[in-house]
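K.L.:
Quick one: the structure is below, questions incoming.
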Amino acid sequence: MSQKSGELNGDVQQQPDTSLVRILWVDASGQCRCRGVPVKRFDEVVKKNGIGLAVACMALPSLKDTIPVETGLTGTGEIRLLPDLSTLVTIPWTEGEEMVLSDMHITPGVPWEYCPREALRRVSKVLKQEFNL
């Protein structure tokens, strides 16, 4: 994968032929999922505000498309997928598409407690503070 070619006025430069950006996240079952967004909407809205995702999407198991009752998650409620622009790359196996990792937030600036990337940050911080790892 090729990294983006730098920044211009704080914005990541996109390839001129890009038409779609895939916003990636990993669900609770470890499965990588994505939402495709037209590049114009990505630039005008998603970069700043993220894109909505039902919290139920984090409760879907790999083997079926129903939410297990034990999760306590329902189809009610929404989180925001906020793109981490430092991870934006061109997809080498398809033309005109890019992909970016995302963080899950309740609102922009307020991480969702179940976000896998945020959980990793918290655990890494503890490992560094307590064990110098």
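The numbering used here applies: residue 2 is where the sequence shown begins, and numbers increase by one.
The beta-carbon is built from N, C-alpha and C at its ideal position, and this holds for glycine as well.
All of these numbers come straight from a predicted model, not from anything done at the bench.
#1: With DSSP collapsed to three states, give me the class of Ile91.
#2: Tell me the rounded alpha-carbon separation between Ser103 and Thr77.
#3: Tell me the rounded alpha-carbon separation between Lys129 and Asp18.
#4: Give me the Cα-Cα distance between Ser87 and Val101, rounded to the nearest whole angstrom.
#5: Going by DSSP, what residue range makes up the beta strand (DSSP E) through Ser103?
#6: Could you give the distance in angstroms between the alpha-carbon of Leu89 and the alpha-carbon of Glu99?
#7: What do you get for Pro84, buried or exposed, if any count of 16 or more other CB atoms within 10 angstroms of its CB means buried?
#8: Closer than 8 Å: is that where the CB of Val127 sits relative to any heavy atom of the ligand MN?
#9: Could you tell me which residues DSSP puts in a beta bridge with Leu54?
#10: Go ahead and pull the three-state DSSP assignment for Leu25.
#11: Determine the extent of the alpha helix (DSSP H) in which Val124 is found, giving its start and end residues.
#12: By Cβ distance, which residues of its chain are closer than 8 Å to Leu21, with the 5 residues on each side in sequence left out?
#13: Can you list, in chain order, the residues of its chain whose CB lies under 8 Å from that of Cys58, leaving out five sequence neighbours each side?
P.N.:
Concretely, from the data shown:
#1: Position check: residue 91 holds Thr in this sequence, whereas Ile was assumed. Per DSSP, reduced to three states, the secondary structure at Thr91 is strand.
#2: Ser103 and Thr77: Cα-Cα distance of roughly 21 Å.
#3: Their backbone Cα atoms lie some 42 Å apart in a straight line.
#4: Roughly 8 Å between the two C-alpha positions.
#5: 98-108 is the extent of the beta strand (DSSP E) around Ser103.
#6: Using only the alpha carbons, I get a separation of about 7 Å.
#7: Counting of Cβ neighbours within 10 angstroms places Pro84 among the buried residues, the total reaching 16 or more.
#8: The ligand MN is not part of the structure shown, which contains no ligands of any sort.
#9: Looking at the DSSP assignment, Leu54 forms a beta bridge with Ile80.
#10: DSSP, reduced to helix, strand and coil, places Leu25 within a strand of the structure shown.
#11: That run of the alpha helix (DSSP H) goes 117-132.
#12: Gly37, Val38, Pro39, Val40, Gly97, Glu98, Glu99.
#13: Within the same chain, Cβ atoms closer than 8 Å to the Cβ of Cys58 are found at Asp28, Arg34, the five residues on either side in sequence being excluded.
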